[in-house]
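Trainee:
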Ligand SMILES: Cc1cc2nc3c(=O)[nH]c(=O)nc-3n(C[C@H](O)[C@H](O)[C@H](O)COP(=O)(O)O)c2cc1C
């Protein structure tokens with residue numbers, strides 16, 4: 001049982017990282033091995049735009065430090081996709097990662113702009129976002145987009161999401177209710193596999 005988390009925050013002890021840690025702790029307690037991929041800290045390159053993946057489903061020509069983790073999306077049991085909101089959207093690190101998973105979206109022949117997934121069925125996923133804006137609804141569009149471009153679009157089953165607002169009074173590290181929610185979602189990544 002393997003749960004892999006992709007973290008788009010550059011801040012090791014920031015809000016996104018703290019919530020992801022709590023989720024992975026829950027997954028571990030439920031029996032999983034866990035991996036956190038800190039996208040900012042690995043030598044990850046952008047998509048080459050070669051479109052090789054349109055004719056070779058599931059293959060990415062770009063080879064770098066992200067490559068083994070892209071392979072792990074196909075073999076893992078569940079995944080977490082987490083990012084702060086930067087400039088009304090996901091961070092650059094998360095966007096670069098999302099471009100790189102285009103190879104997992106297989107173009108349906110005769111149906112332009114529609115996709116099948118190259119990821120085997122039966123996996124779970126969860127989302128984490130953190131924002132400064134006090135309105136929790138403010139970035140629902142990018143959050144929905146994040147789901148569609150990651151776990152949802154890849155055919156995984158969502159078991160929960162956390163939209164964290166850092167301008168609330170309680171710092172995330174002291175927000176026991178939020179961290180407990182993250183922990184429970186982490187457990188569900190393991191226990192609610194299809
Ligand atoms: C470059 C940059 C852009 C940001 N843009 C937004 C934004 O558009 N909306 C918002 O609510 N917060 C914005 N923020 C605040 C972060 O989303 C917020 O501080 C978040 O909690 C950081 O997450 P982290 O602790 O995981 O790094 C921005 C922060 C930075 C550094």
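Numbering (the working numbering), first residue to last: 1 to 194.
For every residue, glycine included, the Cβ atom is placed at its ideal position computed from N, Cα and C.
1) According to DSSP, residue 131 sits in a beta bridge with which residue or residues?
2) Which residues in the same chain have their Cβ closer than 7 Å to the Cβ of residue 49, if we skip the five residues on either side of it in sequence?
3) Compute every distance between the C-beta of residue 23 and the non-hydrogen atoms of ligand 1, then say whether any falls below 7 Å.
4) Quick one: Cα of residue 33 to Cα of residue 71, how far?
5) Around ligand 1, which residues pass a check of Cβ closer than 7 Å to any of its heavy atoms?
6) Out of 83, 113, 152, point me to the one whose CA is closest to residue 37's CA.
7) Can you tell me which of the three DSSP states residue 193 falls into?
8) Rounded to whole angstroms, what is the Cα-Cα separation between residue 186 and residue 15?
9) With a floor of 4 residues, list each alpha helix (DSSP H) that falls wholly inside the region 71-155, ordered by position along the chain.
10) Can the beta-carbon of residue 60 be found less than 8 Å from the beta-carbon of residue 2?
Mentor: Taking the geometry as given:
1) Within the chain shown, numbered from 1, the residue matching residue 131 stands at position 131. Paired residues: 165.
2) Here the question's residue 49 lines up with position 49 in the chain shown. Result list for residue 49: empty, nothing under 7 Å.
3) On the chain shown, residue 23 is found 23 positions in, with the first residue counted as 1. Because no heavy atom of ligand 1 lies under 7 Å away, the Cβ of residue 23 does not count as near it: no.
4) As a first step, residue 33 must be located in the chain shown, where it is residue number 33. As a first step, residue 71 must be located in the chain shown, where it is residue number 71. Using only the alpha carbons, I get a separation of about 16 Å.
5) 9, 10, 11, 14, 15, 16, 17, 84, 85, 86, 87, 88, 130, 131, 132, 133, 138, 139, 164, 166
6) Locating residue 37 in the chain shown gives position 37, counting from the first residue. Answer by Cα proximity: 83.
7) Translated into positions along the chain shown, residue 193 becomes position 193. DSSP places residue 193 in coil when its eight states are reduced to three.
8) Working through the chain shown from its first residue, we reach residue 186 at position 186. Working through the chain shown from its first residue, we reach residue 15 at position 15. Approximately 16 Å, taken between the alpha carbons.
9) 92-100, 140-149
10) Here residue 60 refers to the residue found at position 60 when the chain shown is read from its first residue. Here residue 2 refers to the residue found at position 2 when the chain shown is read from its first residue. Contact flag unset, no.
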